[in-house]
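Residue numbers (UniProt numbering): 1 to 219.
Inspection log for the structure reproduced underneath, given as structure tokens.
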């Protein structure tokens, strides 16, 4: 058996130094890559949020356009023009309505079970009020205003539904905004319907009762 070769302390020190240097370079390179990847993901997160905001804005614009078209279709002015003109304008409004409905935008909201239940409860309360429009419009309108006040960050002029407010607070932030927008739309529709009813009652007298029911159904 051959005796082991004598080692040179200086040579061994150089080998150890090279080994440590290689490890340091690898660690430094991995840290740099990780930092670059994290920076890229941060930038992508900003773009994802911008995409969701843009899609949400398109959703809102679609709702507004549909509401405006519906308002024109059921406006008092449409009843004060000739049958031929009304038919032509109705065809145009229906065409615009159809084209608007072809735009499909959906922004899904991520919810935990508690937020899901809060949204279901809030939706049920609003639907219940809407179902009472034909029976008692004024009371339903007052109830809607108290629900809307519960969603407002400012102090409302009227009463607030405290129970509804606690339910809405339990919803996801995006759902809170959608609930508020829905209540705003319902209140505007009631206001427009109320104006149309008053005009009809003024121009038609007692014969406007059936038209009143029709206006309420369209809210």
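The C-beta atom is built at its ideal place from N, Cα and C for all residues, glycine as well.
- Classified as exposed, residue 120 has fewer than 16 neighbouring CB atoms from the shown chains inside 10 Å of its CB.
- Exclusion of the five residues before and after residue 165 leaves 150 as the residues of its chain whose Cβ lies within less than 6 angstroms of its Cβ.
- Of the residues 63, 85, 76 and 78, the one whose Cα lies closest to the Cα of residue 185 is 63.
- Pairwise C-beta distances place the stretch 126-142 out of contact with the stretch 167-174, as fewer than three of them are shorter than 8 angstroms.
- Around the Cβ of residue 82, a 10 Å sphere holds fewer than 16 other Cβ atoms; the residue is exposed.
- A contact is defined here as three or more CB-CB pairs under 8 angstroms, and the stretch 87-97 fails this definition with respect to the stretch 139-149.
- Burial check for residue 122: the Cβ neighbour count within 10 Å reaches 16 or more, so the residue is buried.
- DSSP places residue 72 within a helical segment (H, G or I) once states are collapsed to three.
- With fewer than three CB-CB distances shorter than 8 angstroms, the stretch 94-108 does not count as touching the stretch 132-143.
- Distance between residue 112 and residue 50, taken at the CA atoms: about 23 angstroms.
- Taken atom to atom, the span from the alpha-carbon of residue 178 to that of residue 30 is near 44 angstroms.
- A Cβ-Cβ contact shorter than 8 angstroms links residue 72 with residue 78.
- Contact between residue 167 and residue 118 is confirmed by a C-beta separation of about 5 angstroms, below the 8 angstroms threshold.
- Nearest C-alpha to residue 192 among 74, 37 and 48: 74.
- DSSP, reduced to helix, strand and coil, places residue 141 within a helical segment of the structure shown.
- Burial check for residue 99: the Cβ neighbour count within 10 Å stays below 16, so the residue is exposed.
- DSSP places residue 115 inside the alpha helix (DSSP H), whose first and last residues are 113-130.
- For the set 86, 189 and 95, the Cα lying nearest the Cα of residue 133 is the one of 189.
- Taking residue 176 as the centre and dropping the five residues before and after it, the same chain places the C-beta of 168 closer than 6 angstroms to its C-beta, in chain order.
- Of the candidates 39, 110, 116 and 67, 67 places its Cα closest to the Cα of residue 101.
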